[in-house]
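Written below as structure tokens is the structure these notes are about.
Protein chains: 2
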Amino acid sequence: MLIKEAAVASGLPAKTIRYYESLGLIQSRRAGNGYRQYGTRDVERMQFLARSRTLGFSLEECRSLLDLYDDPTRASASVNALAREHLDELDEKIRQLTAMKQTLIDLVSRCPGNQSPDCAILDSLAHGQAKQ
Amino acid sequence: MLIKEAAVASGLPAKTIRYYESLGLIQSRRAGNGYRQYGTRDVERMQFLARSRTLGFSLEECRSLLDLYDDPTRASASVNALAREHLDELDEKIRQLTAMKQTLIDLVSRCPGNQSPDCAILDSLAHGQAKQ
DNA sequence: GCTTGACATTCCACCGGCTGTAAGCTCAAA
DNA sequence: TTTGAGCTTACAGCCGGTGGAATGTCAAGC
Chain A
62 MLIKEAAVAS GLPAKTIRYY ESLGLIQSRR AGNGYRQYGT RDVERMQFLA RSRTLGFSLE
122 ECRSLLDLYD DPTRASASVN ALAREHLDEL DEKIRQLTAM KQTLIDLVSR CPGNQSPDCA
182 ILDSLAHGQA KQ
Chain B
62 MLIKEAAVAS GLPAKTIRYY ESLGLIQSRR AGNGYRQYGT RDVERMQFLA RSRTLGFSLE
122 ECRSLLDLYD DPTRASASVN ALAREHLDEL DEKIRQLTAM KQTLIDLVSR CPGNQSPDCA
182 ILDSLAHGQA KQ
């Protein structure tokens with residue numbers, strides 16, 4: 062199949078498939094006219110990448126996951142460790158975003174939100190009085 | 062004061078101060094030798110930006126916040142609306158990351174994490190069986 | 001046979017928010 | 001006078017794509 066069909070089948074934009082190939086995450090055969098040609102295995106690989114990205118793995122992590130997937134002698138402990146590390150990264154991001162959110166909720170609650178110029182949000186940004 | 066002192070005082074790296082100036086978020090006077098010279102007001106502006114960034118506002122949102130800060134005829138409702146929009150963005154990001162986290166927790170719990178190659182994480186990435 | 005339109009190709013630029021590096025200028029201290 | 005720190009500009013790179021230009025290929029319709 063051609064790239065567009067593979068794109069539809071995998072959920073990755075054609076542009077992204079070419080980009081992933083340039084990074085060595087995907088290979089392709091070429092037809093006589095230079096067009097990329099894909100089979101079921103290729104689409105499965107694309108879906109693997111799409112799902113990994115959906116879980117927030119970086120492309121380098123995706124590369125490691127694909128390497129493990131391709132290696133029949135892998136230990137599931139390796140995959141597990143990679144996933145746990147990513148879980149830690151997710152936790153840290155969630156923690157940071159939640160801290161931002163809480164501070165902002167507090168500020169918004171103390172800003173009258175009317176026609177007056179007085180605003181706890183700007184005061185806090187200007188003078189660092191995030192709390193009280 | 063010179064850029065390094067302003068950097069220490071504001072918490073922004075000197076490089077970032079120059080970058081913000083290139084975007085028009087900060088202005089600077091120049092001494093005869095071409096060196097940037099900053100005063101207390103400039104450092105306060107940098108701190109304003111640093112705090113806004115800490116809360117996750119984009120640089121364009123920071124620009125709007127600074128514009129409002131500079132405008133004595135502003136309505137706090139404008140600031141409030143900007144903050145609430147950002148709060149929505151934060152909520153959405155947290156929601157996505159939490160969804161990733163939950164899926165990953167589930168997968169990790171079903172991966173033995175031993176020397177065997179069988180792994181629920183890879184199975185799920187390969188065949189989409191995220192649940193069960 | 002010719003045109004049209006939907007595909008395909010490569011290559012380069014851009015997004016945000018910096019960060020690193022290189023080449024060169026300025027200045028105070030030893 | 002020379003060193004070394006600090007300043008300047010300009011360009012490249014990071015991540016994960018996305019957009020666009022210029023060009024090539026192919027099947028269908030006239």
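In order, the protein sequences belong to chains A and B. The first sequence begins at 62 in the working numbering and counts up by one. The second sequence begins at 62 in the working numbering and counts up by one. We put the beta carbon where it would ideally sit given N, CA and C, even for glycine.
Check, Outcome
"Buried versus exposed call for A/Arg106 [16 or more other C-beta atoms within 10 Å across all chains shown]", "buried"
"Beta-carbon contacts of B/Gln108 that lie in its chain and below 6 Å, excluding the five residues immediately before and after", "Ser71"
"Segment contact, 8 Å Cβ cut-off, at least three pairs: the segment 116 to 129 of chain B with the segment 77 to 93 of chain B", "yes"
"Environment of B/His147 [buried if 16+ CB atoms lie within 10 Å]", "buried"
"Residues bridged to B/Arg106 [DSSP beta-bridge criterion]", "Note: B/Arg106 sits in no beta bridge, so no partner."
"Assigned exposure category for A/Asn141 - 16 Cβ within 10 Å defines buried", "buried"
"Under the three-state DSSP convention, the category B/Gln194 falls into", "Summary: the structure shown does not reach residue 194 of chain B, with chain B confined to residues 62 through 193, and so no result is reported for it."
"Contacts around A/Val169, its chain only, beta-carbon distance under 8 Å, and the 5 residues preceding and following it disregarded", "Ile182"
"Contacts of B/Gln176 in chain A (Cβ-Cβ under 9 Å)", "Ala136, Ser137, Ala138"
"Where A/Tyr99 falls, given that 16 or more other Cβ within 10 Å makes a residue buried", "buried"
"Neighbour flag for B/Gly100 against chain A, beta carbons, 9 Å", "no"
"Interface flag, B/Ala187 vs chain A, CB-CB below 9 Å", "yes"
"Nearest to A/Asp184 (by Cα), restricted to the options B/Thr101, B/Glu153, B/Ser113", "B/Ser113"
"Burial state of A/Arg97, where buried means 16 or more other Cβ atoms lie within 10 Å", "buried"
"Touch test, the segment 130 to 140 of chain B against the segment 148 to 165 of chain B, Cβ-Cβ under 8 Å, three pairs minimum", "no"
"Inter-residue spacing [alpha-carbon to alpha-carbon] between A/Ile64 and A/Asn94", "13 Å"
"Own chain residues within Cβ distance below 7 Å of B/Arg171, not counting five before or after", "Ala181"
"Closest by C-alpha distance to B/Val104, when choosing among B/Ala75, B/Leu120, B/Pro173", "B/Ala75"
"Runs of alpha helix (DSSP H) lying entirely within the segment 130 to 156 of chain A, each at least 4 residues, in chain order", "none"
"Backbone secondary structure at A/Gln163 - three-state DSSP", "helix"
"A/Lys192, DSSP secondary structure in three states", "With a pLDDT of only 42 at A/Lys192, under 50, the local geometry of the prediction cannot be trusted, and no value is derived from it."
"Short CB-CB distance (under 9 Å) between A/Thr164 and chain B", "yes"
"Candidates B/Gly117, B/Val69, B/Ile78, B/Leu186: closest to B/Met161 by CA position", "B/Leu186"
"Selection of the segment 119 to 133 of chain A by Cβ proximity to chain B, strictly under 7 Å", "Leu126, Leu129, Tyr130, Pro133"
"Residues near A/Arg79 in its chain [Cβ-Cβ closer than 7 Å; skip 5 each side]", "none"
"Check whether B/Ser89 and A/Ala136 have beta carbons under 9 Å apart", "no"
"Neighbour flag for A/Val169 against chain B, beta carbons, 9 Å", "yes"
"Below-9 Å beta-carbon distance, B/Ala142 vs any chain A residue", "yes"
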